[in-house]
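Notes for the one structure printed next.
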Amino acid sequence: MKASFFMFFNYLTMMGVPVLLVVLAACSLLVPARGVQTVLLALIAAGAVVYGAIGIREAYVHGRGKHESARR
Amino acid sequence: MPAHRKPRDFRGPQARIGRLARFHVEGFVHVLAYRIMVILTILYGIFIVIYLAAPGLGAPLKILTGIVWVLWTPQLFEVAKGLALAWSRGMAYGKLNPEFAHLYRKRYNKKPGLFLALPWLVLAVWAAGFIVLMARWQP
Chain A
1239 MKASFFMFFN YLTMMGVPVL LVVLAACSLL VPARGVQTVL LALIAAGAVV
1289 YGAIGIREAY VHGRGKHESA RR
Chain B
32 MPAHRKPRDF RGPQARIGRL ARFHVEGFVH VLAYRIMVIL TILYGIFIVI
82 YLAAPGLGAP LKILTGIVWV LWTPQLFEVA KGLALAWSRG MAYGKLNPEF
132 AHLYRKRYNK KPGLFLALPW LVLAVWAAGF IVLMARWQP
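As given, the protein sequences belong to chains A and B, one line each in that order. The opening position of the first sequence corresponds to residue 1239 in this note's numbering, with each subsequent residue numbered one higher. The opening position of the second sequence corresponds to residue 32 in this note's numbering, with each subsequent residue numbered one higher.
Next up, the structure:
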C-alpha cells in the first residue's frame, strides 16, 4: 500500500504539472488575468515540490544497498 | 554438485546511469534529465512561493520555468509512450513477436497508428506551449 500511495502522487504530479504549465501558457495568450496565473502557479508549486520529493526518494534513496547489483 | 555461486549482474549497478548510454540512449537521456529535475523542481516550487509572496522576480521565474520545461520533456515523452503502449495493448512501442502481434490484431482489431503518433502529438503541444510561454508570458 505504501508503494501505491507514493505512486499515485508521483503519477498525478508527473502528468498534472505539465498540463498546468501548458494551461499557464494558454492563459498567458488568452486570459492575461493575474488571479488565474497566481492560482495556476500555486498549484504548479505544490505539484513540483511533491514530484521532486518523491523523485529524490525514487532516484537517490529508495532501494539503496538492498539490491545485489547495487553493492558492486 | 557445483558450489553455490552468487549471481552477478553484468549490467553493473543500476545507480550508475552512464551504463544505459551504451545500449539505450533514450533511457539514458530520460534518467539523466530526471535526476537533475527532481532536485530542481523542489527549488522551482519554493521559488514560485517566494515569487508569489514578493513579486518582482518575474525574469528569474521565467528562466527557471524554461529550464524545468526543457528538463521535463523526456519525462513527458516517456509517459506518453507508456500510455500509448498500455492503451494499444502493446501494439505501439511494444516488442511483441510477429506471430503474437498478428493474433493480437485479429483478436482485438486494434491498429497502432494513432497510438504511435501520440507521444509526438504530446511533444508538439508541449513545444508549442513552450514557445507561447516564452513569447507571451510576463510574470
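Quick reminder that beta carbons are idealized off the backbone N, C-alpha and C, glycines included.
Chain B partners of residue i, CB-CB under 8 Å?
{"i": "Ser1266 (chain A)", "result": "Val163, Leu164, Arg167, Trp168, Gln169"}
{"i": "Val1260 (chain A)", "result": "Val156, Trp157, Gly160"}
Buried or exposed, going by whether 16 or more other CB atoms sit within 10 Å of the CB of residue i?
{"i": "Asn140 (chain B)", "result": "exposed"}
{"i": "Ser1242 (chain A)", "result": "exposed"}
{"i": "Asn128 (chain B)", "result": "exposed"}
{"i": "Ile1292 (chain A)", "result": "buried"}
{"i": "Arg1310 (chain A)", "result": "Note that Arg1310 (chain A) has pLDDT 43, beneath the 50 cutoff, so the model's placement of it is unreliable and no number is given."}
{"i": "Ile79 (chain B)", "result": "buried"}
{"i": "Val1299 (chain A)", "result": "exposed"}
{"i": "Phe146 (chain B)", "result": "buried"}
{"i": "Gly1290 (chain A)", "result": "buried"}
{"i": "Leu1268 (chain A)", "result": "exposed"}
{"i": "Leu1279 (chain A)", "result": "buried"}
{"i": "Met1245 (chain A)", "result": "exposed"}
{"i": "Val56 (chain B)", "result": "exposed"}
Between the beta-carbon of residue i and the beta-carbon of residue j, is there less than 7 Å?
{"i": "Pro86 (chain B)", "j": "Ser119 (chain B)", "result": "no"}
{"i": "Gly76 (chain B)", "j": "Ala1271 (chain A)", "result": "no"}
{"i": "Glu109 (chain B)", "j": "His61 (chain B)", "result": "yes"}
{"i": "Ser1266 (chain A)", "j": "Trp100 (chain B)", "result": "no"}
{"i": "Val153 (chain B)", "j": "Ala117 (chain B)", "result": "no"}
{"i": "Val163 (chain B)", "j": "Ala1263 (chain A)", "result": "yes"}
{"i": "Val1277 (chain A)", "j": "Thr1251 (chain A)", "result": "no"}
{"i": "Ala1297 (chain A)", "j": "Val69 (chain B)", "result": "yes"}
{"i": "Phe41 (chain B)", "j": "Leu51 (chain B)", "result": "no"}
Closer than 9 Å by beta-carbon distance: list the chain B residues that pair up with residue i, in chain order.
{"i": "Gly1293 (chain A)", "result": "Tyr65, Arg66, Met68, Val69, Ile70, Thr72, Ile73"}
{"i": "Gly1290 (chain A)", "result": "Met68, Val69, Ile70, Leu71, Thr72, Ile73, Leu74, Tyr75, Gly76"}
At 9 Å on the CB atoms, spell out the chain A contacts of residue i, in chain order.
{"i": "Gly144 (chain B)", "result": "The premise fails here: Gly144 (chain B) is roughly 23 Å from chain A at the closest Cβ pair, so nothing lies under 9 Å."}
{"i": "Leu88 (chain B)", "result": "In chain order: nothing, as chain A lies at least about 12 Å away."}
{"i": "Leu83 (chain B)", "result": "Thr1276, Leu1279, Ala1280, Ala1283"}
Note down, in chain order, every chain A residue with its Cβ under 7 Å from the Cβ of residue i.
{"i": "Ile98 (chain B)", "result": "Here the premise fails: no neighbours, minimum Cβ distance about 12 Å."}
Could you tell me which chain A residues have their CB closer than 8 Å to the CB of residue i, listed as they occur along the chain?
{"i": "Ile79 (chain B)", "result": "Leu1279, Ala1280, Ile1282, Ala1283, Ala1286"}
For residue i, which residues in chain B fall below 7 Å Cβ to Cβ?
{"i": "Met1252 (chain A)", "result": "Gln106, Val110"}
{"i": "Ala1297 (chain A)", "result": "Tyr65, Arg66, Val69"}
{"i": "Ala1271 (chain A)", "result": "The premise fails here: Ala1271 (chain A) is roughly 12 Å from chain B at the closest Cβ pair, so nothing lies under 7 Å."}
| Under 8 Å (Cβ pairs) to chain E, residues found in the stretch 100-134 of chain B | The chain inventory of the structure shown lacks chain E, comprising the protein chains A and B.
| Unbroken stretches of the beta strand (DSSP E), 3 residues or longer, contained in the stretch 113-160 of chain B | none
| field | Inside the stretch 56-90 of chain B only - alpha helix (DSSP H) runs reaching at least 4 residues | value | 56-84
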